[in-house]
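Participant: One structure is given below, represented as structure tokens, and several questions about it will come after.
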Amino acid sequence: MEAALEKVGLGYLWHNFSANKISLEEAKKLTDEELSALGVNTIGDRVRLKEKLKESGEG
């Protein structure tokens, strides 16, 4: 999860995800509202993070 956040420039939010015990798999299921509550406030940041999370699940 930390690496995905870092790659989209949101590494500073890692503590928020960690404090809420959100793993990579859980993050993939978060709504825009939930992401906003974690500090991912802009639409662009949410789009970039969701794309990165999708990529991390491919293989």
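Each residue of the sequence shown is one higher than the one before, counting from 6 in our numbering.
Quick reminder that beta carbons are idealized off the backbone N, C-alpha and C, glycines included.
(1) I'd like to check one pair, residue 33 with residue 54: are the Cβ atoms closer than 7 Å?
(2) Around the Cβ of residue 9, are there at least 16 other Cβ atoms within 10 angstroms (buried) or fewer (exposed)?
(3) Helix or strand or just coil, what does DSSP make of residue 41?
Facilitator: Taking the definition as stated:
(1) Taking the C-beta atoms as reference points, residue 33 is found no nearer than 7 Å to residue 54.
(2) Buried is the call here.
(3) Helix, per DSSP.
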